[in-house]
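Report on the structure given below.
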Amino acid sequence: MIRDTIILRVVIKLLLPAILLFALYVQFHGDYGPGGGFQAGVAAAAAIILYGLVFGVSAARKIMPQKLLFSLIPIGVLVFSGTGIVSWFFGANYLDYSPFGSDSKSGQHLGILIVELGVFITVFSTMLAIFYSFAGRSEALPSNLENDK
Amino acid sequence: MSLILASINYWVTIILMIGGLYIVVAHGNMVKKLVGLGIFQTSVYLLFLSPGKILGGTAPIISEKFEVYSNPLPHVLILTAIVVGVATIALGMALVVRINEAYGTIEDDEVHEMEQE
Amino acid sequence: MVAAVIGVIRSRNLFVVVILGGIYSFLMATVMVALDAVDVAMTEAAVGAGMSTVLLLAVLGLVKTREAPLRHSPFIPLLVCFLTGAVLIYGTLDLPPFGRQDTPTNQHVAPYYIKNSVKETGSPNIVTAVLASYRGYDTLGETTVIFTGGIGVLILLSTSRRRREKQSSKKDSLT
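Chains as they are written, first to last, in the numbering used here: chain R, 33 to 181; chain B, 104 to 220; chain S, 9 to 183.
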């Protein structure tokens with residue numbers, strides 16, 4: 033890991049909010065321009081991964097704890113499938129968002145936003161969890177080698 | 104010549120596909136095999152996307168200025184396929200890491216030899 | 009793009025292979041912009057060029073970074089690849105030509121989506137509308153696949169540590 037380069041550290045700190053903001057923009061502007069939950073999830077995960085690459089994975093774990101991630105992975109899927117079940121309660125078919133709003137158009141719009149949020153949570157947390165498990169392994173490796181000796 | 108130009112997208116797809124297939128079949132290194140699988144996968148994305156393109160059309164975001172839009176359906180399918188692709192490749196990489204820990208190598212010939220002994 | 013693929017085939021240094029793979033993905037993203045698939049291009053640039061390159065580099069930190077030379081002659085794989093390619097090219101003769109509107113692919117359900125998605129969902133981006141609303145089941149299944157993939161990686165990479173500790177404690181008890 034690069035720990036001593038001050039330029040990288042400062043630039044990353046400046047870039048980090050910009051990337052996160054862009055991810056949120058992509059997420060909530062996905063109805064009108066290109067974007068959506070998948071892209072936003074990956075962009076947000078990339079921001080944290082960048083932080084982790086420069087400051088070390090343990091520092092990244094402090095701003096995005098691993099336990100929180102592990103619970104976020106199923107929460108994303110549950111948000112998605114739960115939306116379908118809520119539309120059952122409105123008397124519609126599974127994943128039919130029409131009854132959510134006053135008319136079917138606004139209902140569909142709201143439904144799309146909620147579902148995209150579910151996708152965002154799943155993609156973000158899965159990507160980050162995968163990165164943590166690979167990077168955590170490479171950090172743990174040298175100590176293991178010493179143990180073997 | 105016009106025949107080639109009319110189906111140029113398929114030709115590019117097939118060349119990339121063959122390149123990926125060759126890497127997967129001929130090379131023994133597992134990381135390289137994964138990159139080859141990625142190339143093969145991307146060529147399939149191209150195979151899906153290119154028939155949806157309409158010459159003179161624009162990206163499928165409705166606006167009053169445009170009349171003709173490219174086919175949005177393959178975009179949706181490939182969008183999901185890309186993210187699934189990275190999840191499966193991550194799974195493959197996890198397997199590579201575990202194989203490396205078990206055998207100390209990621210060449211499939213060497214793994215095979217160790218199995219024989 | 010073809011040059012990047014040839015580079016991937018020829019290079020033995022795995023770092024070069026991974027970085028060339030990233031370059032290839034990025035070129036593919038620009039091709040997708042040319043094919044009007046802006047959403048897909050965005051995803052490919054973020055996922056293919058960014059995420060998988062970073063993950064592959066993380067793996068390279070764990071394994072050997074040189075590829076062993078080939079042991080078999082590459083003749084049979086080459087033959088197989090060329091035969092497959094010939095069959096595929098024969099298949100393209102029947103496929104519709106590039107860029108037309110009247111092909112079967114562009115006449116099936118796409119005109120319905122283009123005409124009605126704003127009216128029915130209020131979302132000008134048709135891709136988002138189809139993704140989340142018309143084909144919500146697909147996306148749900150796909151989210152589940154990502155979920156499963158993530159769980160698989162976590163299981164593969166985390167239980168082994170505990171097992172290794174057990175093994176080392178066994179070794180200690182043996183010695």
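Using N, Cα and C, we set each Cβ at its ideal position, and we do this for glycine too.
| query | result |
| --- | --- |
| Residue-chain proximity (B:D211, chain S), Cβ-Cβ < 8 Å | no |
| Distance between beta carbons of B:L149 and B:F115, contact taken as under 8 Å | Contrary to the premise, residue 115 of chain B reads as Val rather than Phe in this sequence. About 7 Å separates the two Cβ atoms, so the contact holds. |
| Neighbour flag for S:K72 against chain B, beta carbons, 8 Å | yes |
| Short Cβ contact (8 Å threshold) for S:T113 with B:G160 | no |
| R:I51 - containing alpha helix (DSSP H), residue span | 38 to 60 |
| Beta-carbon contacts of B:S225 that lie in its chain and below 6 Å, excluding the five residues immediately before and after | Nothing in the structure corresponds to residue 225 of chain B, since chain B is present only between 104 and 220. |
| 6 Å CB neighbourhood of R:A55 in its chain, flanking five on each side removed | A72, A75, A76 |
| Contact with chain S by R:M159, beta-carbon distance below 8 Å | yes |
| Buried or exposed (CB count within 10 angstroms, at least 16 for buried), B:G207 | exposed |
| Opposing strand residues paired with B:I164 [DSSP bridges] | S:N133 |
| Classification of B:E216 by the beta-carbon crowding that lies within 10 angstroms, buried from 16 upward | exposed |
| Beta carbon proximity, B:L176 to chain S, threshold 8 Å | yes |
| Straight-line gap, R:S103 to R:W120 (C-alpha atoms, nearest Å) | 26 Å |
| Min CB distance R:F152 to chain B below 8 Å | no |
| Collapsed DSSP secondary structure at B:N112 in the structure displayed | helix |
| Neighbouring residues, chain B, relative to R:G65 (Cβ below 8 Å) | I164 |
| Under 8 Å (Cβ pairs) to chain R, residues found in the region 135 to 154 of chain S | V135, T136, A137, L139, A140, S141, G144, Y145, T147, L148, T151, T152, I154 |
| Short Cβ contact (8 Å threshold) for S:V41 with S:A54 | no |
| Contact with chain B by R:F156, beta-carbon distance below 8 Å | no |
| Separation of B:I121 from B:T145, as counted between CA atoms | 12 Å |
| Residue from R:R169, R:G168, R:V155 whose Cα sits closest to the Cα of S:M59 | R:V155 |
| Buried versus exposed, by CB contacts within 10 Å (16 or more), S:V99 | In the sequence on display, residue 99 of chain S carries Gly and not Val. Exposed, because fewer than 16 other Cβ atoms sit within 10 Å of the Cβ of S:G99. |
| B:H215 - containing alpha helix (DSSP H), residue span | 211 to 219 |
| Beta-carbon proximity of S:V13 to S:S19, cut-off 8 Å | no |
| Beta carbon proximity, B:L182 to chain R, threshold 8 Å | yes |
| Below-8 Å beta-carbon distance, S:T183 vs any chain B residue | Residue confidence for S:T183 is low, a pLDDT of 49 falling below 50, so the modelled location carries little weight and cannot support an answer. |
| Closest by C-alpha distance to S:T129, when choosing among R:I107, R:D135, R:G88 | R:D135 |
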